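*Asks:* Residue numbers (my numbering): 771 to 991.
For every residue, glycine included, the Cβ atom is placed at its ideal position computed from N, Cα and C.
Here the structure is a predicted model, which is why all the values come from computation and not from measurement.
First, the structure itself, so that you have it in front of you.
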Amino acid sequence: MANEIEDKHRGRPPTLSRDTILAIAAKIPVEGFSLRVVADRLGVSPQSIYYYFNSKNALLGVLAEQSVAQFPPIEASDWQSYYRNSMLGYRRRLLASDSPALAPEITSTWARFNDQPSEAILLRMEAFVDFFVRAGFTAHQAIEVWNLGVTLVARSVITRLSDGEIEQHWQGMRADIESLGVERFPRLSAALAEQGPQMEEMFERMVEIAIEGVAAFYGVE
């Protein structure tokens, strides 16, 4: 009996596999995600998960890789449309799938997940740079433009907010200004008196600003 209990908490359970873990983990929301939650869903001990993944972020990194690998290629006739479709489509798909690819601790580098090589990102980046070079950019310029897009989509807190969360921030700023003295912030007070922006519309405007800025700075039509 003692040996059976010990075996349950050590090594690799005979019915557990990497694919099984990933399949179950992919169904768990990123918010509140933990190896213990995954283990509970599988009916095993957390130590069993460590046989395959040495940390929560390691597991999330693989899930992020899988989600990005499933994205279809971008189709566009010009670099502006390509850039626009890349950012809007990438964000929408990541949000719809609750992908950990939007988690700051997972996307802390240019082209990696959890600081591990990402074939999915590098393939997308290669296609992106190739398209932009053919559109008139240098390879280095294309990489800079790529990084701007990654910053807007994956590293900006704003892009992960819902309309309700935007309104909460709006209300928070109103309360802060009232506590500090409305007369000191006339412009902000006037703006905050109106309803907060819709997240999707605000992000679309941010994308258009980025496109116009890239065109003006690099001089590529």
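Would you list the one or two residues that DSSP bridges to Gln886?
*Replies:* Mapped onto the sequence shown, residue 886 falls at position 116. Gln886 is bridged to Phe883.
*Asks:* Can you tell me where the alpha helix (DSSP H) holding Gly831 begins and where it ends?
*Replies:* On the sequence shown, residue 831 is found 61 positions in, with the first residue counted as 1. From DSSP, the alpha helix (DSSP H) with Gly831 extends over 826–839.
*Asks:* Quick one: is Gly906 buried, meaning 16 or more other Cβ sit within 10 Å of its Cβ, or exposed?
*Replies:* Start at 1 with the first residue of the sequence shown, and residue 906 comes out as number 136. Looking at its Cβ environment, which holds fewer than 16 other Cβ atoms inside 10 Å, Gly906 is exposed.
*Asks:* For Arg975 and Tyr821, what's the separation of their Cα atoms in angstroms?
*Replies:* Mapped onto the sequence shown, residue 975 falls at position 205. Mapped onto the sequence shown, residue 821 falls at position 51. The straight-line gap from Cα to Cα measures roughly 45 Å.
*Asks:* From Val807 to Pro874, what does the alpha carbon distance come to, in whole angstroms?
*Replies:* The residue you call residue 807 lines up with position 37 of the sequence shown. The residue you call residue 874 lines up with position 104 of the sequence shown. For Val807 and Pro874, the distance between alpha carbons rounds to 21 Å.
*Asks:* Can you grab the Cα-Cα spacing for the pair Ala881 / Asp946, in whole Å?
*Replies:* Here residue 881 is taken as the residue at index 111 of the sequence shown, counted from 1. Here residue 946 is taken as the residue at index 176 of the sequence shown, counted from 1. Cα to Cα, the separation comes out at about 38 Å.
*Asks:* How would you call Lys797, buried or exposed, if buried means at least 16 neighbouring beta carbons within 10 angstroms?
*Replies:* Residue mapping note: residue 797 aligns to position 27 of the sequence shown, counting from 1. So Lys797 ends up on the exposed side.
*Asks:* Run the CB neighbour count on Arg811, radius 10 Å, all protein chains shown included, and call it buried at 16 or more, exposed below.
*Replies:* Residue 811 sits at position 41 when you count from the first residue of the sequence shown. Arg811 should be labelled exposed.
*Asks:* Could you check whether Phe898 and Arg863 sit closer than 7 Å to each other, using their CB atoms as the reference points?
*Replies:* Position 93 of the sequence shown, counting from 1, holds the residue named residue 863. Position 128 of the sequence shown, counting from 1, holds the residue named residue 898. For Arg863 and Phe898, no; Cβs fall outside 7 Å.
*Asks:* Would you mind reading off the limits of the alpha helix (DSSP H) that contains Ala793?
*Replies:* Here residue 793 refers to the residue found at position 23 when the sequence shown is read from its first residue. Residues 788–795.
*Asks:* On the premise that Tyr853 lies in contact with Val915, defined as a C-beta separation below 8 Å, what is that separation, rounded to the nearest angstrom?
*Replies:* For the purposes of this step, residue 915 is taken as the residue at position 145 of the sequence shown. For the purposes of this step, residue 853 is taken as the residue at position 83 of the sequence shown. The pair is a contact, with the Cβ atoms about 7 Å apart (cut-off 8 Å).
*Asks:* Compare the C-alpha of Gln938 against each of Leu962, Ala871, Ser926 and name the closest.
*Replies:* Numbered from its first residue, the sequence shown carries residue 938 at position 168. Of Leu962, Ala871, Ser926, the residue nearest in Cα terms is Leu962.
*Asks:* What span of residues does the alpha helix (DSSP H) with Ala945 cover, start to end?
*Replies:* Locating residue 945 in the sequence shown gives position 175, counting from the first residue. Here the alpha helix (DSSP H) through Ala945 covers 933–950.
*Asks:* With Leu922 as the anchor, note down where its alpha helix (DSSP H) starts and where it stops.
*Replies:* The residue labelled residue 922 in the question sits at position 152 within the sequence shown. Residues 909–924.
*Asks:* Following the continuous alpha helix (DSSP H) through Arg806, name the residue where it begins and the one where it ends.
*Replies:* The count along the sequence shown starts at 1 and reaches residue 806 at position 36. Residues 805–812.
*Asks:* For His779, which three-state DSSP category applies?
*Replies:* Taking the first residue of the sequence shown as 1, we reach residue 779 at position 9. Its pLDDT being 46, under 50, His779 is placed unreliably by the model, and the measurement read from it follows with that caveat. His779: coil per DSSP, three-state reduction.
*Asks:* Please list the terminal residues of the continuous alpha helix (DSSP H) segment that includes Pro816.
*Replies:* For this step, residue 816 is matched to residue 46 along the sequence shown. Run containing Pro816: 816–820, per the alpha helix (DSSP H) assignment.
*Asks:* Answer yes if the region 827–837 comes into contact with the region 882–898, meaning at least three C-beta pairs across the two stretches below 8 Å, and no otherwise.
*Replies:* Yes, the region 882–898 touches the region 827–837.
*Asks:* Quick one: what does DSSP say Gly989 is sitting in, helix, strand or coil?
*Replies:* Here residue 989 is taken as the residue at index 219 of the sequence shown, counted from 1. DSSP places Gly989 in coil when its eight states are reduced to three.
*Asks:* According to DSSP, is Ala961 helix, strand or coil?
*Replies:* Numbered from its first residue, the sequence shown carries residue 961 at position 191. Note: Ala961 maps to helix in three-state DSSP.
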